[in-house]
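Peer 1:
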Amino acid sequence: MKPKKKRLYDDNYLKFGFTVIENIPQCVICFDTLSRKNKPLEFFERKLKVLKHQKTAVVQMFNVNEKSLLASYCVAFRVAKAEKPHTIAENLILPAALDTAEIMFGKQEVEKLKNIPLSENTIQRRISDMATDVRDQVIEKIKESTYVCKSNDWFGFIIRLKQVMPNACWMHCFLHRQALASKTLPQEYNEVLNINIKIVNCIKGKALQTRLFLIICEDMGSLHQNLLYHTEVRWLLKGKDFEVRAELLVYLQQVKSEYSKFIFDPKFLLKLAFLSDLFEHLNSLNKSLQGRDENVITAKEKIHGFTKKINLWSSSINQNKFN
């Protein structure tokens with residue numbers, strides 16, 4: 107019996123990634139040994155099919171991950187737009203989508219939906235990423251804009267605008283209007299307003315005084331345990347001051363303040379109560395003029411309605427009707 111022919115090893119085979127050990131080619135990367143006897147052509151054909159299948163699977167997996175990521179961002183966007191808690195995506199949206207997909211398309215589509223990341227932390231990160239992206243886009247557009255901001259030169263802007271649009275109109279913010287309105291109060295009410303501002307600023311001026319007043323409010327079970335700094339612009343917050351007048355009296359007596367005498371004055375308290383009621387209505391009006399979907403038309407209607415209320419109240423007071 108003739109011995110089997112063997113192909114001699116050539117050193118040039120190394121450039122193809124093979125060496126020889128015991129007359130059997132061996133790959134220098136994966137260390138697999140190849141033999142013509144136990145590695146027929148069919149073996150390499152199967153290897154080729156496996157290799158092609160692996161490449162296809164990698165591409166499909168990449169596409170699935172990309173679509174899952176996009177779907178996750180879409181769900182996070184809707185959660186943020188609806189102002190719902192982050193947990194709603196994992197606890198409600200995903201289970202509902204799985205049930206719908208199983209009924210309409212079958213279990214195969216359900217498995218695809220399960221790959222969508224919708225956990226609470228994931229939704230939070232998605233929303234944060236989108237918010238950052240929106241901010242960056244706005245900043246980039248501002249940088250690229252050729253228009254100049256005229257907010258620091260308001261009157262110059264008005265003059266230029268009137269030259270182009272003579273019929274254009276403008277208005278100041280409500281805080282400026284309220285500051286001007288506080289100047290028109292009758293003298294007796296203006297004095298009450300100024301005294302009240304001085305009392306509050308006396309308490310808020312020092313951290314120690316603020317803590318002492320807080321302790322008094324807690325001991326007396328007050329509904330309000332803090333006061334805000336007052337200026338002539340912040341004149342709409344006097345309702346809270348009137349509600350804590352008992353606590354104010356105790357505090358002013360303890361620190362021996364000269365303002366304690368006003369808390370004993372019935373006329374002062376009556377005027378303060380009147381201002382508190384009036385400012386409470388004005389404060390409600392201010393809040394209604396803010397928020398989403400508010401525009402000039404709706405604001406104008408609310409202001410006109412409030413003006414009619416004032417006329418009605420004035421007429422009732424003139425007729426001694428206080429109900």
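Using the numbering used here, read the sequence shown as starting at 107 and increasing by one per residue.
For each residue, glycine too, the CB sits at the ideal point set by N, CA and C.
Note that the structure is predicted; figures quoted are calculated from it, not measured.
#1: With a cut-off of 8 Å, do at least 3 Cβ pairs link the stretch 231-249 to the stretch 199-217?
#2: By a C-beta neighbour count over all protein chains shown, 10 Å radius and 16 as the cutoff for buried, is Ser178 buried or exposed?
#3: In angstroms, rounded to a whole number, what distance separates the CA positions of Glu364 and Phe385?
#4: Between which two residues does the alpha helix (DSSP H) containing Trp419 stretch?
#5: What are the start and end residues of the alpha helix (DSSP H) that includes Arg242?
#6: Ordered along the chain, which non-local residues of its own chain (more than five positions away) have a Cβ less than 6 Å from that of Gln359?
#7: Just reading off the alpha helix (DSSP H) that Ser366 is part of, what are its end residues?
#8: Straight-line CA distance for Lys190 to Ser394?
#9: Determine the contact status of Lys415 and Tyr295, defining contact as a CB-CB distance below 7 Å.
#10: Just curious, the alpha helix (DSSP H) that Asp205 is in, first and last residue?
#11: Around the C-beta of Asn302, are 16 or more other C-beta atoms found within 10 angstroms, so that it is buried, or is it exposed?
#12: Check the C-beta distance from Glu196 over to Glu172 and give it rounded, since I have them as a contact under 8 Å.
#13: Just to confirm before moving on: does the CB-CB distance between Ile248 and His192 stay below 7 Å?
Peer 2: For this structure:
#1: Judged by Cβ distances under 8 Å, the stretch 231-249 makes no contact with the stretch 199-217, as fewer than three pairs qualify.
#2: By the 10 Å Cβ count, Ser178 comes out buried.
#3: Here the C-alpha atom of Glu364 lies approximately 26 Å from the C-alpha atom of Phe385.
#4: For Trp419, the enclosing alpha helix (DSSP H) starts and ends at Val402 to Asn424.
#5: Reading the sequence as shown, one finds Asp at residue 242 and not Arg. That run of the alpha helix (DSSP H) goes Glu226 to Glu250.
#6: Result list for Gln359: Ser366, in chain order.
#7: Ser366 to Phe370 is the extent of the alpha helix (DSSP H) around Ser366.
#8: 23 Å
#9: no
#10: Leu200 to Met210
#11: buried
#12: At roughly 21 Å, the Cβ-Cβ gap does not stay under 8 Å, so Glu196 and Glu172 are not in contact.
#13: no
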